[in-house]
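Numbering (the numbering used here), first residue to last: 652 to 1284.
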């Protein structure tokens, strides 16, 4: 993490993996190893960006704090047990630190607000250091011009209907001398000289109640202590005591950071338009809640003991099912964090994209796709939650019955599939697999709890799906289950088959499928989703390996009796995280992280793989981690 002296504006900018994540459970910011906030949206994850240098160094906007006039190297870490980010600058003349965090509201962030604070504590721990501050906000994805107003107590930035204060923090003397403050065209540059023991900083505040003000260091320290104690108390509730505990807990905190507390909805990632291939067009907005991703998270949350978070999401999901049933329309595959279905996709032509990867998209046109697998993931999470004491009430069960009845009439049709291809609908095997899961879990919920249901119909449909997959989803010549019924292409989503109990991991049909994937989709420990050349998906270019698939592969290996391979594969996967233990969506052939970052899918699958692998290493292959045993997995 070496840096030369200078300001942001290099042609390429920092790599995706050179970032840490902070947040306040309603929005989040990415900060690179050079002390630059280059992604921050407000007032929510899916709000317009204020800083988006990650997508365009020149037009995106940034907030930077870094040494001036010296060569230095940087190191970055999280304060243990928290997502409080520490960026250290080391030079011959001194060592400085910037500590970044976003305070959590007293109610745990459950009340939606436009006011958010990003705190930057700056200190020198050895010698002396001159710091440079650059604040260049670009509101509304850089589409609105920024107005700047200075006062003796700070600065105000306005644009695109958003207002933001910079509140400096100092003790007896001015943190920034008047002569060291300069106005730029749409921002400011300032300098501050600190010596060992000096502490200063700033609080960035969106939609503040009043003008800028000087913040006493004691107030910043109180916010720091409150934020630290909140996170350490929260992660202290984790019940995981197995191997790889530090990585599991970091993943849990990352998932919590990506949860919108007012509704319990989990965003797929806090970023938009980070490419799946450098220079390619696979650049999607992931700041929304996918039924699939969030439903997968229920297993991870319950497995770690975070029942409240699982319950909050289940409440959000129940409302989406109710909305769908009331309108007689299919369940949408994704929604905004407040449950809104409006995700119109648009292209921001004025932004160059991450390392010139265009187009830059916001919104997501895939929201209107038919993806039948989401019914299985939703029902699986409902079933799991119910078995852990989050019992479905009468209104919830009414919603479930309507959902399952809809699926009875609609499962046997082509859809766009889990990977949201834009090459036309197919009879995807994974969609059928998860339809089977939906019927199976619904039957069990009705039968085991004595709930009213058309059990005969649901059972008949479940069995029909099973027979169809066995008849049409298994390709005799490939000796493998394949992506859809009219192809011989393999698909890593089918690694999920033994995980949901559809096939036994020792079944010859599954063993031959796994061997076929070994030879075609697996590259060392990394797993590709499928081969786009063999199965065109309507998009140009290629992509990297998918992190969630690699962790599914670990689980499949372990369940199939290949425990040593599973452990080595898992350990190799841990080497692909960034310096803070974070994962993007994909890993390029070079080992570089690509795609939106950090990715909920990646972290929840890490947790699941760790829990299951740890259990089987203790008990032997074939045993199932207790949180899954009820589902026959």
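Beta carbons: idealized from backbone N, C-alpha and C, even for Gly.
C-beta atoms of residue i and residue j nearer than 9 angstroms
i	j	result
residue 1210	residue 1268	no
residue 1165	residue 1219	no
residue 1121	residue 1026	no
residue 948	residue 964	yes
residue 596	residue 785	Here the chain has residues from 652 to 1284 only, and residue 596 is not among them.
residue 988	residue 695	yes
residue 751	residue 769	yes
residue 780	residue 707	no
residue 689	residue 682	yes
residue 767	residue 897	no
residue 1233	residue 671	yes
residue 1087	residue 1051	no
residue 1200	residue 1179	yes
residue 929	residue 917	no
residue 926	residue 1245	yes
residue 1205	residue 1255	no
residue 940	residue 986	yes
residue 1109	residue 1090	yes
Residue i, buried or exposed, once every other Cβ within 10 Å from all chains shown has been counted against 16
i	result
residue 651	The structure shown does not extend to residue 651, since the chain is modelled only from 652 through 1284, so no value can be given for it.
residue 1250	buried
residue 665	buried
residue 724	exposed
residue 1127	exposed
residue 1073	exposed
residue 1270	exposed
residue 659	Unreliable positioning characterises residue 659 in this predicted model, as indicated by a pLDDT of 40, which lies under 50. A coordinate reading is not provided.
residue 1253	buried
residue 656	With a pLDDT of only 41 at residue 656, under 50, the local geometry of the prediction cannot be trusted, and no value is derived from it.
residue 884	exposed
residue 1293	There is no way to answer for residue 1293, as the model of the chain reaches only from 652 to 1284.
residue 797	buried
residue 1241	exposed
residue 754	buried
residue 994	buried
residue 859	buried
residue 801	exposed
Check: residue i C-beta below 8 angstroms from any heavy atom of the ligand NAD
i	result
residue 1033	Ligands displayed in this structure: none; no statement on the ligand NAD is therefore possible.
Endpoints, alpha helix (DSSP H) assigned at residue i
i	result
residue 873	868-886
residue 1159	1159-1171
residue 1061	1045-1061
residue 1037	1024-1038
residue 835	From DSSP, residue 835 is part of no alpha helix (DSSP H); its letter is neither H nor E.
residue 814	First-last for residue 814: 813-820, but that is the beta strand (DSSP E), not the alpha helix (DSSP H).
residue 1119	1106-1119
residue 1267	1251-1270
residue 1014	Residue 1014 -> no alpha helix (DSSP H), and no H or E assigned at all.
residue 987	Element bounds for residue 987: n/a, residue is neither H nor E.
residue 951	942-955
Option in the options with minimal Cα separation from residue i
i	options	result
residue 699	791, 737, 908 and 685	791
residue 730	880, 840 and 942	880
residue 817	915, 714 and 918	714
residue 1130	1163, 1119 and 1116	1163
residue 967	1168, 866, 915 and 1224	915
residue 937	930, 854, 1242 and 922	922
residue 774	1018, 935 and 848	848
residue 747	764, 1002 and 737	737
residue 680	934, 1260, 1264 and 1248	1248
residue 1231	687, 726 and 955	726
residue 961	944, 925 and 977	944
residue 772	870, 1204, 1155 and 1139	870
residue 956	889, 1009, 701 and 1032	889
residue 1114	1143, 1062 and 1104	1062
Residue i - containing beta strand (DSSP E), residue span
i	result
residue 1194	Looking at the DSSP string, residue 1194 is not in any beta strand (DSSP E), and its letter there is neither H nor E.
residue 1069	Per DSSP, residue 1069 belongs to no beta strand (DSSP E) and is neither H nor E.
residue 1089	Premise fails: residue 1089 lies in the alpha helix (DSSP H), 1080-1100, not in any beta strand (DSSP E).
residue 852	850-857
Paired residues, beta bridge with residue i - DSSP
i	result
residue 683	670
residue 973	Residue 973 pairs with nothing; no bridge assigned.
residue 775	747
residue 798	809
residue 911	916
residue 1244	1238
residue 704	In DSSP, residue 704 forms no bridge with anything.
residue 785	715 and 840
residue 780	845
Residue-level contact to chain B via CB, residue i, 9 angstroms cutoff
i	result
residue 1120	The question asks about chain B, but that chain is absent: this structure has only one protein chain.
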